[in-house]
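Protein chains in written order, with the working numbering: chain F, 1 to 276; chain G, 1001 to 1272.
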Amino acid sequence: MVFETDDRVELAFSEAGEGYPVVFVNGLGNLKEAWADTVNVVSRYFRVITYNLRNQGKQVDGHGDRYLTDRHVQDLQCLVDHLGLPAFVGVGISTGSRILVDFAGEHAARVRALVLMGASNDAYAERYQAIFRTWLVALLASPPEDLTPYAEAYLPCIYSPHYLVQARGQTPKIAAALDRTLSRRGIAANLRATIDSFAEDFLRAHRQHLVEAPTLLLQGELDFLTPPVVLREASWQFPKGTLKVLDGSGHNIRVERREEFEREMLNFLLDDLGLE
Amino acid sequence: MDFSRWNFKVEGEGTPILFINGHFQSRSSWDPTSQDLARFFKVVTFEFPNQGESPTDASFDTIRRYAEFARAFLDYLKLDPGDVIVHGYSFGGNVVRCLSQDLGVKFRVIIYGGIPSLRLAPFQIRRFTTWLEILDSCGFRTFASNVLLQVFSPGFVARYPHHFETMLGEYCRYYERRPEAVRALILAMRNAFQTPSPPPERYGEPVYVIGADSDLLLPMTYVEEYGREIGALEIIRLPGGHATRIEQHAELAEVIERIAERHESWVAPHGV
Chain F
1 MVFETDDRVE LAFSEAGEGY PVVFVNGLGN LKEAWADTVN VVSRYFRVIT
51 YNLRNQGKQV DGHGDRYLTD RHVQDLQCLV DHLGLPAFVG VGISTGSRIL
101 VDFAGEHAAR VRALVLMGAS NDAYAERYQA IFRTWLVALL ASPPEDLTPY
151 AEAYLPCIYS PHYLVQARGQ TPKIAAALDR TLSRRGIAAN LRATIDSFAE
201 DFLRAHRQHL VEAPTLLLQG ELDFLTPPVV LREASWQFPK GTLKVLDGSG
251 HNIRVERREE FEREMLNFLL DDLGLE
Chain G
1001 MDFSRWNFKV EGEGTPILFI NGHFQSRSSW DPTSQDLARF FKVVTFEFPN
1051 QGESPTDASF DTIRRYAEFA RAFLDYLKLD PGDVIVHGYS FGGNVVRCLS
1101 QDLGVKFRVI IYGGIPSLRL APFQIRRFTT WLEILDSCGF RTFASNVLLQ
1151 VFSPGFVARY PHHFETMLGE YCRYYERRPE AVRALILAMR NAFQTPSPPP
1201 ERYGEPVYVI GADSDLLLPM TYVEEYGREI GALEIIRLPG GHATRIEQHA
1251 ELAEVIERIA ERHESWVAPH GV
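Okay, structure coming up:
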């Protein structure tokens, strides 16, 4: 299924289950299908919606390469408008978490609760920009049909040492999967959007708000991008937030600790919030 | 080896403290720490081949080569290792480990910094393979950015972006035109972790281990494991990232001074 954004871009989305709506928001490098195992679990209790951000997928569908992450926030609004959702629970990872935080700032009444994995702290903007610029350079330097250098640049940032060891033969396969499912131009567009959205004036205009919704923050103990101690410094932004640190996990909790993430999320939504 | 024109510095008087560089470290990067300690001790800093301003030698691609170089350098300075308090940081820690465990050199005290057990080999090999891939495919500047973002704590990079850029510029100045030197340094570390089933480490001298609580290159948990494995007298946790000599140079100097004072009257069992 597809929905159309306000600037006439068609983005793919999927639905499963019934009940209170839960919208999953992707990280930079994954498509909506990456949530499949979690959707199977969560859709027993909730109506689960997954979608692709613009420029995710082989077809470049971004209507231009220079935009900021507020464009993703608008796209999310278009999705929930298309589905007629007065309110929803948002679940995000990494960039997806950032999009949800920004959405909650602009449309507080529509956000019932948030589950955020790998959230960020804007006080470290310079560092995030440095990291993502490195990824962008590696992406642009990767040979045709071989994203191994790009994969080598970003994988150590998102996985724990233990996981990297387990996956040590997998880098070429991961690179091949990226090349099959994403376009370089699309990855580059979203990387640039992320880099540019850490600029001081953008942060001042868009990201100085509180998140009023109850929020479960899940952070890997060995999250390279935003170590838990760094995220704790941003706790002011989440007055109804709870931070749980997952021992031994890297940034990509969705992969490294999927079952634990699902358990924490369902406990939060079903037990703590009484949502069904 | 002719050390007479080599890049090294000896300052101060007293119990000798020898600093052994991390991977891409220059001699002068120890200056804030060494100048502090030189008030009370004889502090020795130097560079290996392939580091800083020192010549390139691609044959230095094993830790053992660097350890033998360090041993020869101590002979040149006429320093008895049994009198020396040595601090080996990261790559330098691996050199000290080789000196101690493979070459049988006995120091007065060993202070390891940012070093894991050899049992962490799969992770370390993976890391250095990644470094080589990025160096070969993406150019030196991207490689250096990638490394420095791991070396420095998030807070340091975020709060001192100009210092980060300065370090990046320094790395490029030393190494951009000689990737073979960088390659040799990386290969040396990767090779060090390729010994299957390394034997237990045994130390006759006191050993200390220093780690940092925001170390992204080598999380503190691995440093603590190593410290327990080798029976370290003390496992010291400093704030900040992997590059303690930059982020916490005053604290590092204090720690080393404290350790040195504790062992100043201890005499190494020479010949053991």
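From the three backbone atoms N, C-alpha and C, an ideal C-beta is built for every residue, glycine too.
Assigned secondary structure, residue i (DSSP; H/G/I helix, E/B strand, else coil)
i, result
"G:Val1109", "strand"
"G:Leu1149", "helix"
"G:Val1272", "At G:Val1272, the pLDDT of 38 sits below 50, so the modelled position is not reliable; the number obtained from the coordinates is stated separately. Residue state, collapsed to three classes: coil."
"F:Pro227", "coil"
"G:His1087", "strand"
"F:Met265", "helix"
"F:Glu21", "This sequence places Pro at residue 21 of chain F; Glu is not what is there. Note: F:Pro21 maps to strand in three-state DSSP."
"G:Gln1101", "helix"
"G:Ala1144", "helix"
"F:Ile29", "For clarity, residue 29 of chain F is Gly in the given sequence; the question names Ile instead. Coil."
"F:Tyr90", "For the record, residue 90 of chain F in the displayed sequence is Gly; it is not Tyr. Correct three-state label for F:Gly90: strand."
"G:Tyr1203", "coil"
"G:Ile1259", "helix"
"G:Phe1128", "helix"
"F:Ile49", "strand"
"F:Thr215", "strand"
"G:Gly1082", "helix"
"G:Phe1041", "coil"
"G:Ile1115", "coil"
"G:Val1267", "Summary for G:Val1267: the model assigns pLDDT 47, below 50, so the residue's position carries little reliability; its value from the coordinates is reported in the next sentence. The answer is coil: DSSP assigns G:Val1267 none of H, G, I, E or B."
Cβ-based burial, residue i [other Cβ within 10 Å; buried from 16]
i, result
"G:Thr957", "Residue coverage of chain G in this structure runs from 1001 to 1272, which leaves residue 957 of chain G outside it and unanswerable."
"G:Asn1094", "buried"
"G:Pro1049", "buried"
"G:Pro1269", "Because G:Pro1269 carries a pLDDT of 46, less than 50, the predicted location of this residue cannot be relied on, and no value is offered for it."
"G:Gly1231", "exposed"
"G:Met1001", "exposed"
"F:Asp75", "buried"
"F:Thr38", "buried"
"G:Gln1194", "exposed"
"G:Val1272", "Caution is warranted here: a pLDDT of 38 is assigned to G:Val1272, below 50, making its placement in the model unreliable, and no coordinate value can be reported."
"F:Trp236", "exposed"
"G:Asn1021", "buried"
"F:Gly250", "buried"
"F:Val42", "buried"
"F:Ser94", "buried"
"G:Ser1197", "exposed"
"F:Glu126", "buried"
"F:Glu276", "exposed"
"F:Arg207", "buried"
"G:Ser1214", "buried"
"G:Lys1042", "buried"
"G:Val1267", "For G:Val1267, the predicted model reports a pLDDT of 47, less than 50, meaning its position is unreliable and no value from the coordinates is stated."
"F:Ala130", "buried"
"G:Pro1239", "exposed"
Cβ-Cβ separation, residue j to residue i (assumed contact under 8 Å), whole Å
i, j, result
"F:Asn26", "F:Leu53", "6 Å"
"G:Glu1251", "G:Ser1153", "The pair is not a contact, with the Cβ atoms about 13 Å apart (cut-off 8 Å)."
"G:Ala1058", "G:Glu1180", "5 Å"
"F:Val22", "F:Phe3", "Not quite, the Cβ-Cβ distance comes to about 17 Å (not below 8 Å), so this is no contact."
"G:Tyr1281", "G:Gly1114", "Past the edges of chain G, shown from 1001 to 1272, lies residue 1281 of chain G, and the structure says nothing about it."
"F:Leu216", "F:Thr242", "6 Å"
Residue i: CB within 8 Å of a non-hydrogen atom of the ligand ADP
i, result
"G:Glu1201", "Inclusion of the ligand ADP in the displayed structure is not the case, the ligand content being empty and no account of it being possible."
Limits of the unbroken alpha helix (DSSP H) element including residue i
i, result
"F:Asp109", "Just to set this straight, residue 109 of chain F is Ala in the shown sequence, not Asp. Where F:Ala109 is concerned, there is no enclosing alpha helix (DSSP H), given that its DSSP letter is neither H nor E."
"G:Ile1246", "Thr1244 to Glu1247"
"F:Lys244", "Taken as a continuous stretch (DSSP letters only), F:Lys244 belongs to no alpha helix (DSSP H), being part of the beta strand (DSSP E) at Gly241 to Leu246."
"G:Thr1166", "Pro1161 to Tyr1175"
"F:Lys173", "Thr171 to Thr181"
"G:Pro1016", "Premise fails: G:Pro1016 lies in the beta strand (DSSP E), Pro1016 to Ile1020, not in any alpha helix (DSSP H)."
"G:Ser1034", "Asp1031 to Leu1037"
Where the beta strand (DSSP E) through residue i begins and ends
i, result
"G:Gln1194", "Unbroken run through G:Gln1194: none, as it is neither H nor E."
"F:Lys58", "From DSSP, F:Lys58 is part of no beta strand (DSSP E); its letter is neither H nor E."
"F:Arg185", "Element bounds for F:Arg185: not the beta strand (DSSP E) but the alpha helix (DSSP H), Arg184 to Asp196."
"G:Glu1225", "Careful: G:Glu1225 lies outside any beta strand (DSSP E), inside the alpha helix (DSSP H) at Met1220 to Glu1229."
"G:Gln1051", "Here G:Gln1051 belongs to no beta strand (DSSP E), and DSSP marks it neither H nor E."
"G:Ile1235", "Glu1234 to Leu1238"
"F:Glu15", "Glu10 to Ala16"
Note down, in chain order, all residues in the stretch 194-210 of chain F with a beta-carbon under 7 Å from any beta-carbon belonging to chain G. none
Residues of the stretch 1024-1058 of chain G with Cβ closer than 9 Å to any Cβ of chain F, in chain order: none
Pull out every residue of the stretch 1129-1140 of chain G whose Cβ sits closer than 7 Å to any Cβ of chain F, in chain order. Thr1130, Glu1133, Ile1134, Ser1137, Cys1138 and Gly1139
By the 7 Å beta-carbon criterion, what residues does the stretch 1191-1215 of chain G contribute toward chain F? Ser1214
For the stretch 152-180 of chain F, enumerate the residues whose C-beta is nearer than 7 Å to any C-beta of chain G, in chain order. Glu152, Ala153, Pro156, Pro161, Leu164, Val165 and Arg168
Taking a Cβ distance cut-off of 9 Å, strictly less, list which residues of the stretch 219-230 of chain F are near chain G, in chain order. Glu221, Leu222, Phe224, Leu225, Thr226, Pro227, Val229 and Val230
By the 8 Å beta-carbon criterion, what residues does the stretch 132-146 of chain F contribute toward chain G? Arg133, Thr134, Val137, Ala138, Ala141, Ser142 and Pro143
If the cut-off is 7 Å on Cβ atoms, which residues from the stretch 1139-1160 of chain G count as contacting chain F, listed in chain order? Gly1139, Thr1142, Ser1145, Asn1146, Leu1149, Pro1154, Val1157 and Ala1158
Taking Cβ-Cβ distances below 8 Å as the criterion, which residues of the stretch 1160-1194 of chain G are in contact with chain F? Pro1161 and Phe1164
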